[in-house]
Amino acid sequence: MRLLVLPRGGLANEPSRRRIYQFLPFLAAEGFHIRVIQPGPFDVLSLLNKEYYDLALIEEAAFPNLPSALRKPAVRRLPKARVLIGEDPIEPVLEKGAVSVGRIVEKPSQSGEEVLYLPPAPDWLRLSTIQRKRLRRRVVWMGDDSGLPALHAVLPHLAIVRQEHPFTLVTIGAAPGPLPMDGEYHFAMPPDEIELLAGLDFALLPVRSGEHLSWLDRFNLARYASAGLPMICGDHQELVDGHAASGAGYIAEDETTWLLALRKLFEQPRLRQSLGERGRLWAKHERGLRAQAPRLIAFLRQTAARASSPNKGEKPACKLLS
């Protein structure tokens, strides 16, 4: 099966790297012949007219004009299917018949499309090599600007526990501003992700009920679990559900529960280890690449078969998934 991949950017692009590139080795191992073309000054429609592909996987942010162009008669026969990897649940605003912009449809049955949603999937096999044998007194928060209010809301709780258990708060992504404790800031995840994660005791995902849970928060839930890193999470329903399934830490919704969870994780090394192992097992079977890739492979094959031309001897048009 010939697959054309049009990603948002190269390996330096975080969303493309986490959402698309890491699935390609699994597709290749299953017999997909893959061509990856990064955004550039070329005509995609001309390419599709010259070369035949069974499927195309497109990040529309890199090719914003492609959906409307593909409604032309020459390429009208498109399957109504989408692959969505870790996107936020935002209903797209599109003209009828357009190819999706790559967001989760909250009510896909009403859209007439078949939708495969894959939660953000870390490389479990690589992250599972991390081992922790002693307290490092380092806690991590990673997020974008939308997550700063949730972080700032729990800083007073962290400051109280810091008086009993001095620690460094490692923040990655959005700059948190002044902290009431020792801090270490990284604009992005350092190249040696393994080294950084190995030097941490636990992670914070303090998103509260009613607040925005970003793609990065979803990915970090699986990344921390894969790395055997216990977590303290806010009471956002998706985090509550994730912890109910994984058992990888604590849900904290007020000062009392935050202080209790923080003290337990600092004071009980066996608890940190057992919570980390529970999370690692959950990530292996539910959220890792090797758990998600078979779903993607089956969905692509089914879509290609369903969208093949009914006319004998006629090649089907390029099938587009976004």
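When we follow the working numbering, the leftmost residue of the sequence shown carries the number 741, and every step to the right adds one.
No residue lacks a Cβ here, since even glycine has one placed at the ideal position from N, Cα and C.
Just checking my contact of residue i with residue j at CB under 8 Å: how many whole Å lie between their CB atoms?
i	j	result
Leu953	Glu993	Going by Cβ atoms, the distance from Leu953 to Glu993 rounds to 15 Å, so no, they are not a contact pair.
Leu1069	Arg866	Given that the chain is displayed from residue 741 to residue 1062, the structure contains no residue 1069 and the question cannot be resolved.
Gly883	Leu956	6 Å
Ile870	Ala967	5 Å
Ala914	Asp885	5 Å
Ala962	Ala1023	6 Å
Give me, in chain order, the residues of the same chain whose beta-carbon lies closer than 6 Å to that of residue i; leave out the 5 immediate sequence neighbours on both sides.
i	result
Lys812	Note that Lys812 scores a pLDDT of 45, beneath 50, so its modelled location is shaky and nothing firm can be said.
Gly1019	Ala965, Ser986 and Ala988
His926	Ile912
Ser849	Because the pLDDT at Ser849 is just 38, under 50, the model does not fix this residue reliably, and the point stays unresolved.
Leu1002	Val901
Arg1035	none
His905	Phe1006
His773	Arg742
Trp881	Leu891, Thr911 and Leu944
Phe907	Arg877 and Val879
Ile972	Leu944, Gly989, Tyr990, Ala992 and Ala1001
Ala938	Ile870
Name the one or two DSSP bridge partners that residue i has.
i	result
Tyr925	Thr911
Phe942	Val879
Arg742	His773
Tyr793	Answer is none; Tyr793 lacks a bridge partner.
Tyr761	In the DSSP output, where bridge partners are listed per residue, Tyr761 has none listed.
Please go through the same chain and pick out, in chain order, the residues whose beta-carbon is closer than 8 Å to the beta-carbon of residue i, but skip the five residues on each side of it.
i	result
Pro920	Leu895, Pro896, Leu898, Ala899 and Arg902
Ala893	Pro946 and Arg948
Pro1050	Only weak support is given to the placement of Pro1050: the predicted model assigns it a pLDDT of 49, under 50, and the value that follows is read from those uncertain coordinates. Excluding positions up to five away in sequence, the list is empty.
His1025	Ala1031
Leu999	His897, Ile900 and Val901
With 16 as the cutoff for other CB atoms within 10 Å, does residue i come out buried or exposed?
i	result
Glu835	Note that Glu835 scores 31 on pLDDT, short of 50, meaning its location in the model is unreliable; the coordinates nonetheless yield the value given after this. That one is exposed.
Ser786	exposed
Thr911	buried
Gly1016	buried
Arg874	exposed
Gly923	exposed
Pro918	exposed
Arg1012	buried
Ala1045	exposed
Ala890	buried
Gly771	exposed
Pro747	buried
Gly950	exposed
Arg1027	buried
Arg876	exposed
Pro970	buried
Arg775	exposed
Ala984	exposed
Pro860	buried
Do residue i and the ligand MN come close, with the Cβ less than 7 Å from some heavy atom?
i	result
Asp885	As for the ligand MN, it is missing from this structure, which has no ligand bound.
Near residue i, what residues of its chain come up, given a Cβ to Cβ distance below 7 Å and the 5 sequence neighbours on each side ignored?
i	result
Glu995	His897
Trp1033	Checking the sequence shown, residue 1033 turns out to be Ala, not Trp. Taken in chain order, the residues that qualify are Phe763 and Phe766.
Asp863	Gln762 and Leu1029
Pro1009	Leu875
Uninterrupted beta strand (DSSP E) stretches inside the region 960 to 1027 (no shorter than 3 residues): Runs of the beta strand (DSSP E) spanning 3 or more residues and lying entirely within the region 960 to 1027 occur at 971 to 973 and 989 to 991, in chain order.
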